[in-house]
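First the structure, in the form of structure tokens, and then the observations on it.
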DNA sequence: CTGAAAGCGCTTACAG
DNA sequence: CTGAAAGCGCTTACAG
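Protein chains in written order, with full-length UniProt numbering: chain A, 1 to 347; chain B, 1 to 347.
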């Protein structure tokens, strides 16, 4: 059974292929009657033009690539499913589809070729990258080839490159977290940093430090650790840090993100430290599971839906050659107070 | 800057487009020296043939559609991120990409047209559906149009339709669950069913009933409820059921899936019932979060990675016109014993 | 072993 | 307002 094409539709409707095409593409110079006649045949046969033909004439794919870096983090983090959904929804909103790839990194030859191929074969109008580390030559190459690229949490000072868009966490989350703890009376505050090859982790680290300095609080090595970005690494870092300073414990721990905070919970449990009675814990992200931990996790929360929508919309605006598109967007977060931080009575 | 095409490559390499194409497609009748000469130019210019041109000559898209039904369930369930990953990984394994869509249902006109369009426009070689309910006319239409369709948890007795593939949960999970509880000494067993428009929920219900009957246990209305498939609905069902039979509580509750079991946990907590001391709870699925609940959830677990790999591979085999492809596959689950079911001393 | 030619399904100036 | 023609980038019989 041969597939029906625009020629067949034209014949059935008694017009030329040109007219069929004009109707499909909504040209204004088609009289209402002709349009109706052609549409009738199109509907009857469930005819849709093949994109392969359309693409060859310069139409867009109306497809975004979504390149997800870091398989391990994805597998372990349930926030991720909502990320996927946010991207797909935001794109669908604008009539775009999403082609998803999961890759461990963007440095292995094999992965580089894979991504490059998807761009060069003309499968997508633009590509979104999530989980990039701070230096990605492939992305610069693609930008140089005039490919449109959207980056989550990957800011470039250079804003003169209109085909490189980004969305970022605000840069004050760390400071705001410290402010909150300070106001509760905490003076001995530990910080567990994330993966410092990621932009947001660097910014948050710097912001924590600004907060500590602002309040003239001590920056002590024994109260600092690198906790990665997942529960397991957060657990290991917290366990080691706390074990080493049991004689002089901090009264509060800032975890670079909620996954790490869950690891801190586990470490505290094993060390017999009650949260928040013995030690307060505060995270960052706004992870869904934070509502259900015991105690529920106080955290500096971000609206990921908003973040992805901002990125997707500006990328699509760029594809559609709109004007005055902001290249970067820093999304503000806000404190979500639950039950993992307690007030300290000051003497 | 114009894009380089096969003509340019041909000129640069001093051959015809035909030969360039032969090299790219790995034809055997190209002498090694010519091949090398052409490949050199191709590599140098990072040339990749546009798929639009290739498709028009009958090549496949090497892309699978993934149609995800039921936005609400996705948003709430963190298992979902691993589902996405399993599909994308299994497809990538075979050199296929995945185009993902999220839809509330397959019944609204708008959604039907959306899915139909993606198939008809030639964007994908086959489509996978997850979260379908038991009767989906659109799927039958697509099957009738010779589209290749892969269904998760949606079995058809009629196995004579080679372009309709499915993967399913084994049909003994309910019975095995009852067997387990019976062996622990439980005689008063409640069942919270899922969404009976889904095949697996029906099968599991029937299987629970078989188990109860086999052991001559009472099928009591007061110990039966419909709990949907997410935590919230499971909570509501359990709360209502338990509140209504506080004078004669079951000693164990079977939850249709783990999400529902988490709802049961919440209901029990509110009613002051300790798990497993006062009441045992067992789930089904093997949800990652079940490890972290208090107490950790005993459940009848399935390997979703295996399930999706089975479906993806058989769908791709069908696309590639291999022979003797099983249309359905029932994947066996197994009991994962954690701490939510206790032994009952029999008098 | 290899090139010239036809053709895939569409859209879009062009001409009328 | 509308049709005939050209062209997009590829692959594949066909002929030599």
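Each residue gets a CB set at the ideal place from its N, CA and C atoms; glycine is no exception.
These figures come from a predicted structure and were not determined experimentally.
- Message: Please state whether the Cβ-Cβ distance between residue 134 of chain A and residue 330 of chain A is less than 7 Å.
- Response: Locating residue 134 of chain A in the first chain gives position 134, where the first residue counts as 1. Locating residue 330 of chain A in the first chain gives position 330, where the first residue counts as 1. It is not a contact, given that the beta carbons lie outside the stated cut-off.
- Task: Sort A:125, A:241, A:16 by Cα distance to residue 255 of chain A and report the nearest one.
- Result: By one-based count along the first chain, residue 255 of chain A stands at place 255. Per the Cα distances, A:241.
- Item | Per DSSP, cross-strand counterpart(s) of residue 14 of chain B | Within the second chain, numbered from 1, the residue matching residue 14 of chain B stands at position 14. The partner list for residue 14 of chain B (beta bridge, DSSP) is empty, contrary to what the question assumes.
- Item | N- and C-terminal bounds of the alpha helix (DSSP H) containing residue 80 of chain A | Counted from its first residue, the first chain places residue 80 of chain A at position 80. Here the alpha helix (DSSP H) through residue 80 of chain A covers 79-93.
- If we count Cβ pairs, one from each stretch, closer than 8 Å, do we get three or more for the stretch 136-149 of chain A versus the stretch 296-307 of chain A? no
- Message: Quick check: the stretch 310-330 of chain B against the stretch 143-153 of chain B, are at least 3 beta-carbon pairs closer than 8 Å?
- Response: By the criterion of at least three beta-carbon pairs nearer than 8 Å, the stretch 143-153 of chain B is in contact with the stretch 310-330 of chain B.
- Residue nearest to residue 236 of chain B in terms of C-alpha spacing, selected from B:205, B:270, B:250: Taking the second chain and counting its residues from 1, the one referred to as residue 236 of chain B is at position 236. The candidate whose alpha carbon is nearest that of residue 236 of chain B is B:270.
- Indicate whether residue 56 of chain A and residue 52 of chain B have their beta-carbon atoms separated by less than 7 Å. Locating residue 56 of chain A in the first chain gives position 56, counting from the first residue. Locating residue 52 of chain B in the second chain gives position 52, counting from the first residue. Yes.
- Task: Tell me where the alpha helix (DSSP H) around residue 258 of chain A begins and ends.
- Result: Taking the first chain and counting its residues from 1, the one referred to as residue 258 of chain A is at position 258. Per DSSP, residue 258 of chain A belongs to the alpha helix (DSSP H) from 258-271.
- Own chain residues within Cβ distance below 7 Å of residue 346 of chain A, not counting five before or after: The residue given as residue 346 of chain A occupies position 346 in the first chain. Correct list, in chain order: 185.
- Task: Tell me residue 254 of chain B's beta-bridge partners as DSSP assigns them.
- Result: Counted from its first residue, the second chain places residue 254 of chain B at position 254. Beta-bridge pairing links residue 254 of chain B to B:191, B:282.
- Quick one: what's got a C-beta closer than 6 Å to residue 104 of chain B's C-beta in the same chain, skipping five residues either side? Translated into the one-based positions of the second chain, residue 104 of chain B becomes position 104. These residues qualify, in order along the chain: 71.
- What residues from chain B crowd round residue 226 of chain A, counting only those whose CB sits closer than 7 Å? For the purposes of this step, residue 226 of chain A is taken as the residue at position 226 of the first chain. In chain order: nothing, as chain B lies at least about 24 Å away.
- Item | Cβ pair residue 285 of chain B, residue 324 of chain B closer than 7 Å | Start at 1 with the first residue of the second chain, and residue 285 of chain B comes out as number 285. Start at 1 with the first residue of the second chain, and residue 324 of chain B comes out as number 324. In this structure, residue 324 of chain B does not lie closer than 7 Å to residue 285 of chain B by Cβ.
- Message: If you reduce the DSSP assignment to three classes, tell me which class residue 302 of chain B lands in.
- Response: Here residue 302 of chain B corresponds to residue number 302 of the second chain, with the count starting at 1. It is coil, neither helix nor strand.
- Message: If you reduce the DSSP assignment to three classes, tell me which class residue 133 of chain A lands in.
- Response: Taking the first chain and counting its residues from 1, the one referred to as residue 133 of chain A is at position 133. In this structure, residue 133 of chain A counts as coil in the three-state DSSP scheme.
- Query: How is residue 30 of chain A classed by DSSP in three states: helix, strand or coil?
  - Reply: Working through the first chain from its first residue, we reach residue 30 of chain A at position 30. Here residue 30 of chain A sits in coil by DSSP.
- Sequence-distant residues of the same chain with beta carbon closer than 6 Å to residue 280 of chain A, five excluded per side: Taking the first residue of the first chain as position 1, residue 280 of chain A is located at position 280. Closer than 6 Å at Cβ, skipping near neighbours: 252, 341, 342.
- Task: Enumerate in chain order the residues of its own chain whose CB-to-CB distance from residue 246 of chain B is below 7 Å, with the five nearest sequence positions on each side excluded.
- Result: Numbered from 1 along the second chain, position 246 holds the residue referred to as residue 246 of chain B. Here the set comprises nothing.
- Item | DSSP-derived helix/strand/coil call for residue 114 of chain B | Looking up residue 114 of chain B in the second chain gives position 114. Helix, per DSSP.
- Assign residue 106 of chain A to one of three DSSP states: helix, strand, or coil. If you number the first chain from 1, residue 106 of chain A lands on position 106. Residue 106 of chain A: coil per DSSP, three-state reduction.
- At which residues does the beta strand (DSSP E) containing residue 150 of chain B begin and terminate? Taking the second chain and counting its residues from 1, the one referred to as residue 150 of chain B is at position 150. That run of the beta strand (DSSP E) goes 149-152.
- Query: In the DSSP assignment, what residue or residues form a beta bridge with residue 64 of chain A?
  - Reply: Here residue 64 of chain A refers to the residue found at position 64 of the first chain. In DSSP, residue 64 of chain A forms a bridge with A:98, A:126.
- Message: Please tell me whether residue 55 of chain A has its Cβ less than 7 Å away from any Cβ of chain B.
- Response: The sequence position of residue 55 of chain A within the first chain is 55, counting from 1. Closer than 7 Å: yes.
- Message: What does the alpha-carbon distance come out to for the pair residue 102 of chain A and residue 68 of chain B?
- Response: Here residue 102 of chain A refers to the residue found at position 102 of the first chain. Here residue 68 of chain B refers to the residue found at position 68 of the second chain. One alpha carbon belongs to residue 102 of chain A, the other to residue 68 of chain B, and they sit about 18 Å apart.
- Message: Determine, for residue 21 of chain A, whether the minimum Cβ-Cβ distance to residues of chain B falls below 7 Å.
- Response: As a first step, residue 21 of chain A is located in the first chain; it is residue number 21 there, counting from the start. False, the Cβ-Cβ gap to chain B never drops below 7 Å.
- First and last residue of the uninterrupted beta strand (DSSP E) at residue 205 of chain A: Taking the first chain and counting its residues from 1, one reaches residue 205 of chain A at position 205. Looking at the DSSP string, residue 205 of chain A is not in any beta strand (DSSP E); the run it does join, the alpha helix (DSSP H), is 199-214.
- Within chain B, the residues that residue 48 of chain A reaches when beta carbons sit closer than 7 Å: For the purposes of this step, residue 48 of chain A is identified with residue 48 of the first chain, where counting begins at 1. Those within 7 Å of residue 48 of chain A in chain B are 117, 120, 121.
- Message: I'd like to know whether the C-beta atoms of residue 315 of chain A and residue 92 of chain A end up nearer to each other than 7 Å.
- Response: Along the first chain, read from residue 1 onward, the residue named residue 315 of chain A stands at position 315. Along the first chain, read from residue 1 onward, the residue named residue 92 of chain A stands at position 92. Cβ distance not < 7 Å, so residue 315 of chain A and residue 92 of chain A don't count as in contact.
- Candidates A:226, A:216, A:188: closest to residue 205 of chain A by CA position: Position 205 of the first chain, counted from the start, is the residue given in the question as residue 205 of chain A. Of the candidates A:226, A:216, A:188, the one whose C-alpha sits nearest the C-alpha of residue 205 of chain A is A:226.
- Item | Residue-level contact to chain A via CB, residue 152 of chain B, 7 Å cutoff | Reading the second chain from its first residue, position 152 is the one you call residue 152 of chain B. So, not an interface residue.
- Query: Can you give the Cα-Cα distance for residue 288 of chain B and residue 2 of chain B, rounded to whole angstroms?
  - Reply: Numbered from 1 along the second chain, position 288 holds the residue referred to as residue 288 of chain B. Numbered from 1 along the second chain, position 2 holds the residue referred to as residue 2 of chain B. Straight-line Cα distance between these residues: approximately 50 Å.
- Go ahead and label residue 11 of chain B buried or exposed: buried means 16 or more other beta carbons lie within 10 angstroms of its beta carbon, across all protein chains shown. Reading the second chain from its first residue, position 11 is the one you call residue 11 of chain B. Exposed, because fewer than 16 other Cβ atoms sit within 10 Å of the Cβ of residue 11 of chain B.
- Message: Can you pull the chain A neighbours of residue 51 of chain B, defined as C-beta to C-beta under 7 Å?
- Response: Working through the second chain from its first residue, we reach residue 51 of chain B at position 51. Here the neighbours are 121, 122, 123.
- Item | Amino acids of chain A, ordered along the chain, whose beta-carbon sits closer than 7 Å to that of residue 340 of chain B | Position 340 of the second chain, counted from the first residue, corresponds to residue 340 of chain B. Per Cβ cutoff of 7 Å: no residues; residue 340 of chain B is ~16 Å from chain A at best.
- Query: Between residue 264 of chain B and chain A, is there a C-beta pair that is closer than 7 Å?
  - Reply: Locating residue 264 of chain B in the second chain gives position 264, where the first residue counts as 1. Chain A, which has no Cβ nearer than 7 Å to the Cβ of residue 264 of chain B, makes this no.
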